[in-house]
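First comes the structure, then the notes that go with it.
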Amino acid sequence: MEFRDALSITALGMSVVFAGLILTALLIVAINRLPALSRGLRRRGETSDSPHATGAAEPLLDPEVVTVIATVLEIEHRLHHAEHGKRLTIARQVSQQEGRG
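Residue numbers (this note's numbering): 3 to 103.
Here is the structure:
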């Protein structure tokens, strides 16, 4: 085998590998976009009379519940002198009755 043949076979092999990698990347991108595409098709199929088309979204949690959770976290943060921006871990204390059982 001559040097020129070896170079052409090497170039052909490398081009096949890179073409395969590009096709694999395109396939991954296409698979990632499938859920968004199916959601878009479902939205087109809905009529404007549906409750989701009005644009009024229901809150996931009651605002009072969110306020209570935020207050408890702030109190725990101040009691344990946690640094701002750091993780707050609330340790569960075991009562004496649970410890004996």
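Yeah, the Cβ is synthetic: ideal placement off N, Cα and C, and Gly gets one too.
Query - Euclidean distance between Cα positions of ILE30 and ILE24 - result: 10 Å
Requested in this report: Under 8 Å by Cβ, that's how I've got GLU78 and LEU90 pegged, so tell me the actual separation to the nearest angstrom.
Outcome: 6 Å
Requested in this report: Over the uninterrupted alpha helix (DSSP H) stretch that includes LEU14, give me the two end residues.
Outcome: LEU14 -> alpha helix (DSSP H) spans 5 to 47.
Report task. May I have the straight-line CA-CA distance separating LEU28 from GLU66, to the nearest angstrom? Result -> 47 Å
Query - Cutoff 6 Å; reference ALA84; Cβ partners in own chain excluding five residues on either side - result: LEU90, listed in sequence order.
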